[in-house]
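Worksheet: one structure, shown below.
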Amino acid sequence: MTSSNPRALAHLLAGLALLLAPAAHAQAPLNLPQPSPAVRLREAFSTTFVELAYSRPSLKGRVAFGGLVPYDQVWRTGANTVTKIRFGEAVTLGGQAVPAGTYALLTIPGKTDWTLILNRDTAQWGAYEYKQSLDVLRLPAKATKLAAPQESLSLSLENLRPAAADLTLAWERVQVSLPLVGNPDPLVLAQIKTAMQGEKKPYLAAAQYYYNSNQPDLTPAVGWLDEAIKANPNYSYYYWKAKLLQKQGKPQEAGAAARKSLDLLAATKNEVAKDEYTRLNVQLLSEVKGKK
219 MTSSNPRALA HLLAGLALLL APAAHAQAPL NLPQPSPAVR LREAFSTTFV
269 ELAYSRPSLK GRVAFGGLVP YDQVWRTGAN TVTKIRFGEA VTLGGQAVPA
319 GTYALLTIPG KTDWTLILNR DTAQWGAYEY KQSLDVLRLP AKATKLAAPQ
369 ESLSLSLENL RPAAADLTLA WERVQVSLPL VGNPDPLVLA QIKTAMQGEK
419 KPYLAAAQYY YNSNQPDLTP AVGWLDEAIK ANPNYSYYYW KAKLLQKQGK
469 PQEAGAAARK SLDLLAATKN EVAKDEYTRL NVQLLSEVKG KK
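In this text, residue positions in the sequence shown follow the working numbering: the first is 219, and each later residue adds one.
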């Protein structure tokens with residue numbers, strides 16, 4: 219097309235303008251508040267972790283259970299895609315064994331009795347394609363009444379201890395909990411066995427684990443502290459040796475170790491450690507005094 223045909227050129231330019239118009243009027247995306255915000259919660263638990271991924275719907279003046287969420291029907295336990303829970307190690311949930319892995323967490327709400335479901339299909343949207351044949355387990359749970367209403371759904375680990383917690387759902391005035399328990403002993407004892415074959419042996423940490431987890435035979439732990447003391451006589455090593463000997467029912471030996479710890483504390487320049495371990499050793503000595 220040349221300038222010798224101005225009418226044709228005008229039509230061509232008009233056509234191009236129409237083609238380009240949508241791009242010229244394209245709207246910029248906005249970052250808006252989400253009606254059901256996505257949450258990813260990861261808690262250290264036992265020797266690994268528990269992870270929850272879900273979307274949190276809100277009441278907004280509506281009724282949750284028996285309204286937005288019908289009773290006695292499988293629910294995604296949240297909004298949008300199905301809620302997921304991941305266990306970094308094998309656990310028991312509600313008294314039932316669960317292998318390590320990621321599961322869809324679904325529920326069947328009732329007025330007083332709920333069912334919690336772990337399902338293998340973690341890619342499902344909502345519960346529209348839920349298949350009971352893919353269930354790993356179903357667990358009964360009781361619903362309790364919250365003192366105050368909760369606006370948005372919450373999934374969490376409550377009453378968290380080193381290897382135990384309560385997996386808890388709370389929304390509106392409803393709370394549902396199931397006990398979650400880890401079994402760290404086999405994993406930790408295997409780690410200790412391997413570490414004791416290496417160059418940097420975790421004498422103190424291993425001995426403390428034996429004490430805190432109430433291992434039936436504390437003799438190896440006392441031996442590890444003896445090895446640590448040979449390399450570096452230290453007030454903390456002697457204190458923990460005293461604790462182990464006390465638990466073994468050897469009060470005189472425990473007292474001797476505690477007194478040795480106090481002797482070594484006299485030379486330390488760390489006043490905070492000196493005060494703390496002095497108090498701990500004096501307390502232990504008072505507990506074993508007069509015992510045979």
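The C-beta atom is built at its ideal place from N, Cα and C for all residues, glycine as well. Predicted model, so just to flag it, every value in this text is computed and none were measured.
Status (buried if at least 16 other CB within 10 Å, exposed otherwise) for residue i
i, result
"GLY400", "buried"
"SER221", "A caution first: SER221 carries a pLDDT of 43, below 50, which makes its placement in the model unreliable, though a value can still be read off. Answer is exposed; the Cβ neighbour count stays below 16."
"PRO367", "exposed"
"TRP343", "exposed"
"PRO253", "exposed"
"ARG274", "buried"
"LEU398", "buried"
"LYS302", "buried"
"TYR272", "buried"
"LYS329", "exposed"
Endpoints, beta strand (DSSP E) assigned at residue i
i, result
"GLU369", "353 to 379"
"TYR321", "319 to 326"
"GLN426", "No beta strand (DSSP E) holds GLN426; the alpha helix (DSSP H) holding it covers 421 to 430."
Closest by C-alpha distance to residue i, when choosing among the options
i, options, result
"LEU407", "GLU417, TYR427, TRP442", "TYR427"
"ALA382", "PRO251, PRO255, LEU248, THR266", "THR266"
"TYR346", "GLN291, TYR457, ARG356", "GLN291"
"GLY313", "LEU385, LEU324, SER431, TRP293", "LEU385"
"GLY508", "VAL309, PRO469, TYR457", "PRO469"
"LEU373", "ARG477, ASP444, GLU261, ASN430", "GLU261"
"PRO563", "LEU357, SER370, ASN430, LYS419", "Here the chain comprises residues numbered 219 to 510, so residue 563 is not present and cannot be evaluated."
"ALA282", "LEU463, GLU417, LEU355, ARG391", "ARG391"
"TRP442", "ASN249, ALA425, TYR289", "ALA425"
"GLY285", "PRO327, PRO402, VAL309, PHE263", "PRO327"
"SER264", "PRO247, SER454, PRO288, THR310", "THR310"
"TRP389", "LEU250, ALA297, PRO251, PRO247", "ALA297"
CA-to-CA distance, residue j to residue i, given in whole angstroms
i, j, result
"LEU483", "GLN409", "31 Å"
"VAL506", "LEU405", "33 Å"
"LEU502", "LYS278", "57 Å"
"TYR421", "PRO317", "31 Å"
"GLU489", "GLU471", "27 Å"
"THR412", "LEU357", "37 Å"
"MET219", "GLN245", "In this predicted model, MET219 has a pLDDT of only 44, less than 50, meaning its place in the structure is not dependable enough to derive any value."
"TYR456", "GLN433", "19 Å"
"VAL257", "LEU270", "8 Å"
"LYS419", "LYS448", "13 Å"
"ASP259", "LEU364", "Contrary to the premise, residue 259 reads as Leu rather than Asp in this sequence. Between LEU259 and LEU364, the C-alpha separation is close to 22 Å."
"GLU417", "LEU371", "50 Å"
Residue span of the alpha helix (DSSP H) that contains residue i, given as start and end
i, result
"LEU443", "437 to 449"
"LYS411", "402 to 413"
"ARG258", "No alpha helix (DSSP H) holds ARG258; the beta strand (DSSP E) holding it covers 256 to 263."
"GLU494", "489 to 506"
"ASP331", "First-last for ASP331: 331 to 337, but that is the beta strand (DSSP E), not the alpha helix (DSSP H)."
"GLU471", "469 to 483"
"LYS302", "First-last for LYS302: 302 to 305, but that is the beta strand (DSSP E), not the alpha helix (DSSP H)."
"ALA460", "453 to 465"
Contacts around residue i, its chain only, beta-carbon distance under 6 Å, and the 5 residues preceding and following it disregarded
i, result
"GLN466", "LEU436"
"VAL394", "TRP332, ALA359, ALA361, LEU387"
"GLU494", "none"
"LYS535", "Residue 535 is absent from the model: the chain starts at 219 and stops at 510."
"ALA476", "ALA460, ASN499, LEU502, LEU503"
Beta-carbon contacts of residue i that lie in its chain and below 8 Å, excluding the five residues immediately before and after
i, result
"ASN452", "ALA446, LEU482"
"THR325", "VAL292, TRP293, THR295, TRP332, THR333, LEU334, ILE335, LEU387, VAL394"
"ASP339", "VAL300, ALA322, GLU347, TYR348, LYS349, LEU352"
"GLY319", "ARG304, PHE305"
"ARG280", "LEU286"
CB contact check: residue i to chain C, cutoff 9 Å
i, result
"PRO253", "Note that chain C does not occur in the displayed structure, where there is just one protein chain."
Own chain residues within Cβ distance below 7 Å of residue i, not counting five before or after
i, result
"ASN377", "ALA383, ASP384"
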